[in-house]
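Numbering (full-length UniProt numbering), first residue to last: 1 to 723.
All C-beta atoms, glycine included, are put in the ideal place defined by N, C-alpha and C.
Owing to the predicted nature of the structure, the values given are computational and were not obtained by experimental measurement.
Report on the structure given below.
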């Protein structure tokens, strides 16, 4: 259990290390040249107090982000960003390592906590500052030059050199991506840390694979290699070179089973068996049943077989016979040799020695001489001293009489599909295209003529070659430059033009931007051409007032829209707000005005009766108690509704009389606020006030009735009501 927990802990630690670290992108700034000391807008840099004119105190902003087909200098910098201190004035070189400023170290490092994707986008901005403490990068007026590029980069220790030139400035820099310690592979995603403990015994290869130490094996090199020959099933070991036997097995290599206890003349194939040997029987193989073993009756190497009950049989070797194989058989007894040949007895065979002039196994054939011309195909015959002859065959033939033609192509000496041609005394290999040599086993080097152009790397094939082209070139021989317009970077119907190693978009009318992706205000006639690499250099052009004005107008329109939205929301909330005192189902009205509306704060204004349209012609305006009939007097006793007796005067007289009556008929106990505003009455206060003196309330009604304009303070509408 403890071993499993330890192994799980080791795996967790390895995974944790993989999460927190992988590799680092290193950017080395080497040299920056600004000969004229100008900003990107062609203005001189303000060097500050005591500094010469046009002296650019230069610092850099670096942004590393994911690969973009069109690189945007704006955040976010997905892989990291850095701002250097002021590194020099105008033109300067940067050494490796830590400089005079401890806040800057060359190269600039961007650590990665995940697998390196192989591609990236890089933005390097050179900016000017008046003060070393002011390193803000947001002000475009500070920009000297900007580099925006994307690259493919493989993991390795070698630096990739690059030079960015913008016409007035040059920036020389280099970069690389290296794996952190214990990380390997193309994307630094393979984690391997050498160890020699209970959790593993290994080192790491070039690709991060685990290389077990001598004497260890397994996925994590935790299994020791036992003694050579140790049985894999019946033996094991805790340390390299050991061989410990499992239960039931023994021996140096644990390949001998342990017999049943007490077994004397038996063997076993599995532990605790007792298989009796020949001639022995019984439970412990201690009973002698083998007559052959003890008496050995068979002779001359014969095999004895026990047949039980003390009997046996002998199996004789060839050339012997008899019950115990004691008699030898004479193979020459029937005299097999002919023509006077002598016979020699052999074991289970014989041989004949033939006299001169005869040959064959039993000398049955008569011997020929050279006079008989036995040699074929031009073979040279020579007689032997003891009879017979021999043939010396010409090239291309073999056999006793040179009767066999030698086929030099029968052994297939030609390789790689070559055709073999038999020339009689030799052979010739006709090679396939792309091969050479006697046996066509040499591949012709198709790269010998250096077919790859523009620095391409050639790889030899079979009657062929392939070129690995450098960036910027393509084709079989790397002779065709890569078209910058191939992927149609220009939008909105723009026309793409090639200019060396870059492209230029000729925008349609009404569009602008590096790739014509922005809709612009109406411009004077004529195509707009934007250079991707020189869009930030100015080149003496006018300041983009149109773009700035368009941005300001958009901001103002956005603010006006927000204000309109706030006003609409407030109006909706006021309409949805419930009344202070909801109507309780009263049906009594005064000139179409609900009782609940009359209870609200009202303002009373005097208006001539002749100026108001009579909306209730059936009302009795000439009675003595007109106010009592219409219900207003009973509900608002404090309101003097006979304010005007005669409206023949002018409007000034009406206002003067109205003011006098307000002063005369001021209710007792009114506050100062009410004195200051005699024309305003609130329904809540009117219900608590006492009825005024009779002099103010018992005036006789005339044909001219007072008209009150009742308005709610919070409502915008005005309700005119006659009393």
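Neighbourhood of residue i by C-beta, 8 Å cutoff - its chain only, sequence neighbours within 5 removed
i	result
residue 297	291, 304, 312, 314, 324
residue 206	184
residue 266	259, 260, 273, 274, 275, 276, 277, 280, 284, 285
residue 361	352
residue 450	458
residue 741	Examination of residue 741 is not possible in this model, given that the chain is present from 1 through 723 alone.
residue 562	none
residue 75	63, 81
residue 104	84, 85, 87, 98
residue 95	106
residue 307	313
Contact set for residue i: own chain, Cβ-Cβ below 6 Å, skip 5 residues either direction
i	result
residue 431	418, 440
residue 89	55, 57
residue 246	234
residue 63	77, 81, 123
residue 140	none
residue 220	200
residue 229	253
Cβ-based neighbour list, residue i, same chain, cut-off 7 Å, excluding 5 preceding and 5 following
i	result
residue 263	274, 284, 285
residue 491	515, 516, 517
residue 372	none
residue 14	Caution is warranted here: a pLDDT of 42 is assigned to residue 14, below 50, making its placement in the model unreliable, and no coordinate value can be reported.
residue 519	510, 511
residue 427	408, 409, 413, 420, 421
residue 335	343
residue 406	396, 397, 398
residue 218	none
residue 270	257
residue 44	37, 38, 53, 54
residue 287	280, 281
residue 46	130
Expected contact under 8 Å - CB spacing of residue i and residue j to nearest Å
i	j	result
residue 188	residue 204	Residue 188 to residue 204, Cβ: 13 Å. No contact.
residue 248	residue 272	7 Å
residue 402	residue 376	5 Å
residue 39	residue 128	6 Å
residue 199	residue 212	The pair is not a contact, with the Cβ atoms about 13 Å apart (cut-off 8 Å).
residue 391	residue 380	7 Å
residue 25	residue 177	5 Å
residue 116	residue 22	7 Å
residue 498	residue 483	7 Å
Within 8 Å, strictly: CB atoms of residue i and residue j
i	j	result
residue 485	residue 496	yes
residue 331	residue 342	no
residue 59	residue 29	no
residue 453	residue 477	yes
residue 168	residue 36	yes
residue 460	residue 445	yes
residue 489	residue 166	no
residue 73	residue 146	yes
residue 437	residue 463	no
residue 156	residue 110	no
residue 370	residue 383	yes
residue 340	residue 356	no
residue 238	residue 255	no
residue 126	residue 144	yes
- [ ] Could you tell me whether the region 120-139 touches the region 169-179, where touching means 3 or more Cβ pairs closer than 8 Å?
- [x] With a cut-off of 8 Å, the region 169-179 and the region 120-139 count as touching, because enough Cβ pairs lie within range.
Open item on the list: Whether or not the region 131-142 and the region 179-187 are in contact is what I'm after, with contact meaning three or more pairs of Cβ atoms, one per stretch, closer than 8 Å; do they touch?
Closed with: no
Task: Completely contained alpha helix (DSSP H) runs for the UniProt domain "EGF-like" (405-441), where each covers 4 or more residues - done: none
Task: Given 8 Å, three or more beta-carbon pairs between the region 220-227 and the region 139-154 - done: Flag = no, the region 220-227 and the region 139-154 do not touch.
Task: Runs of beta strand (DSSP E) lying entirely within the UniProt domain "DSL" (177-221), each at least 3 residues, in chain order - done: 195-197, 200-204, 210-212
Task: Contained beta strand (DSSP E) runs [length at least 3] in the region 136-167, N- to C-terminal order - done: 143-152, 160-165
Task: Complete runs of the alpha helix (DSSP H) confined to the UniProt domain "EGF-like" (328-364) [at least 4 residues] - done: none
Open item on the list: Runs of 3 residues minimum, wholly inside the UniProt domain "EGF-like" (481-517): which ones carry the beta strand (DSSP E) assignment?
Closed with: 495-499, 502-507
Open item on the list: Restricting to runs no shorter than 4 residues, where is the alpha helix (DSSP H) found entirely within the region 99-124?
Closed with: none
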